[in-house]
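Peer 1:
Numbering (my numbering), first residue to last: 521 to 877.
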């Protein structure tokens, strides 16, 4: 018997995984024909027409059958965004079928079907109810704790899951209430799911009863937050594979996984808001910033001091200006999180700024 060297075994496994990944369906040739040069509502409408044509509507029970294909981790376990910790060790895992809910009394009991966009918002109507792009497998107990609260950034958590997902009061400017916050590693996943839903079901949106949506699009607070989430958590291999597998089953795709740039082409770029006790607001954009950062003092002309400070307290930029709109070049700054301070006769502001190239 010939014994394989561990390196040969590892190489064989790696080669197999690469080949297996390549066997997953890719974007069909010509699928996005007609989108070149489009932007805004025109692009969204074209993408809607593409991803709404000739789709297959799955049964609700059929989702259980789909998950071992669409949401399988490399180790064969279920990929649950409410319990997994990318780059770390998940507190627990689920086995397909065996751990399917069922009843539960706490985390790790079983997994079920989570409507990322709560079904109550669209009155359980088809085809949204069984759309695989937003009905994802998650821990049943965490799903229950999330309930039908919108996604958001939590200011003060009233409950935290074992992987760090949180329920609590909103820290998102423009929304007051309870929100559910997934961990940072999956915020982009959920953002791109929501951009898909806002495109695929744009004609149904006016009847949906939840604040993240307004008319045929997002509320301004939700749009800005999802734009930030999309930028801070880029498309992963997991999303690409899932997009391909769902296409095999449902015959449509999430265009914002295939081409994340379309998100900004349709909805623009995120804007930050700084506000102090005097309710004087400054607009800060883009978020995250790349080579430039703009601070718009909303036509208020006064002497204003600006500083950018590293987390260790070192000042890396400082200026005083009388302009109402200030553009700061960031070419000399490394990727990371900084504090921006704004001081003038209206008061003092301090906001986090992320530089990401």
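Beta carbons: idealized from backbone N, C-alpha and C, even for Gly.
When the distance is taken between beta carbons, is residue 790 closer than 8 Å to residue 751?
Peer 2: Locating residue 751 in the chain shown gives position 231, counting from the first residue. Locating residue 790 in the chain shown gives position 270, counting from the first residue. Yes.
Peer 1: Tell whether a beta-carbon distance below 8 Å holds between residue 709 and residue 759.
Peer 2: As a working mapping, residue 709 is identified with position 189 in the chain shown. As a working mapping, residue 759 is identified with position 239 in the chain shown. Yes.
Peer 1: Taking its Cβ as the centre, do 16 or more other Cβ atoms sit within 10 Å of residue 872, making it buried, or is it exposed?
Peer 2: Against the chain shown, residue 872 aligns to sequence position 352. Flag for residue 872 reads exposed.
Peer 1: Which whole runs of the beta strand (DSSP E) in the stretch 660-705 are 3 residues long or more, in chain order?
Peer 2: Qualifying beta strand (DSSP E) stretches, in chain order: 674-680, 686-690, 698-701.
Peer 1: Quick check: what's the CA-CA separation for residue 580 versus residue 639?
Peer 2: Sequence index remark: in the chain shown, residue 580 carries index 60 (1-based). Sequence index remark: in the chain shown, residue 639 carries index 119 (1-based). Their backbone Cα atoms lie some 12 Å apart in a straight line.
Peer 1: Quick check: the Cα distance between residue 568 and residue 617, rounded to an integer number of angstroms?
Peer 2: Locating residue 568 in the chain shown gives position 48, where the first residue counts as 1. Locating residue 617 in the chain shown gives position 97, where the first residue counts as 1. If you take the alpha carbons of residue 568 and residue 617, they lie about 34 Å apart.
Peer 1: Could you please give me the residues that DSSP links to residue 654 through a beta bridge?
Peer 2: Numbered from its first residue, the chain shown carries residue 654 at position 134. None, per the DSSP bridge assignment.
Peer 1: Tell me, which residues are paired with residue 849 by DSSP?
Peer 2: Along the chain shown, one-based indexing puts residue 849 at 329. Looking at the DSSP assignment, residue 849 forms a beta bridge with 812.
Peer 1: Less than 8 Å between the beta carbons of residue 636 and residue 656, yes or no?
Peer 2: Translated into the one-based positions of the chain shown, residue 636 becomes position 116. Translated into the one-based positions of the chain shown, residue 656 becomes position 136. Their beta carbons are under 8 Å apart, which means residue 636 touches residue 656 by this criterion.
Peer 1: Straight-line CA distance for residue 863 to residue 706?
Peer 2: On the chain shown, position 343 is the one that residue 863 refers to. On the chain shown, position 186 is the one that residue 706 refers to. So the two alpha carbons sit approximately 35 Å from each other.
Peer 1: Restricting to Cα atoms, I'd like to know which of 729, 822, 768, 846 is closest to residue 644.
Peer 2: The count along the chain shown starts at 1 and reaches residue 644 at position 124. The shortest C-alpha separation from residue 644 is found at 729.
Peer 1: Beta carbon of residue 765, beta carbon of residue 590: below 8 Å?
Peer 2: Reading the chain shown from its first residue, position 245 is the one you call residue 765. Reading the chain shown from its first residue, position 70 is the one you call residue 590. Contact: yes.
Peer 1: Just tell me which of 785, 724, 670, 727 has its CA closest to the CA of residue 701.
Peer 2: Looking up residue 701 in the chain shown gives position 181. The shortest C-alpha separation from residue 701 is found at 670.
Peer 1: Starting from residue 839, trace the beta strand (DSSP E) in both directions and tell me its first and last residue.
Peer 2: The residue given as residue 839 occupies position 319 in the chain shown. Note, residue 839: beta strand (DSSP E), 835-841.
Peer 1: So what does DSSP say about residue 615, is it helix, strand or coil?
Peer 2: Here residue 615 refers to the residue found at position 95 of the chain shown. Note: residue 615 maps to coil in three-state DSSP.
Peer 1: So does the stretch 823-837 actually touch the stretch 846-862, counting three or more Cβ pairs closer than 8 Å?
Peer 2: Yes, since at least three Cβ pairs between the stretch 823-837 and the stretch 846-862 fall closer than 8 Å, the two stretches touch.
Peer 1: Helix, strand or coil: how does DSSP classify residue 802 here?
Peer 2: Stepping through the chain shown from its first residue, residue 802 is reached at position 282. Residue 802: strand per DSSP, three-state reduction.
Peer 1: Grouping DSSP H, G and I as helix and E and B as strand, with all else coil, what is residue 867?
Peer 2: Taking the chain shown and counting its residues from 1, the one referred to as residue 867 is at position 347. DSSP places residue 867 in strand when its eight states are reduced to three.
Peer 1: Under 7 Å Cβ to Cβ from residue 653, same chain only, skipping five residues before and after it: list those, please.
Peer 2: Taking the chain shown and counting its residues from 1, one reaches residue 653 at position 133. If we look at residue 653 and ignore the five residues flanking it on each side, its Cβ neighbours are 713, 716, 766, 774.
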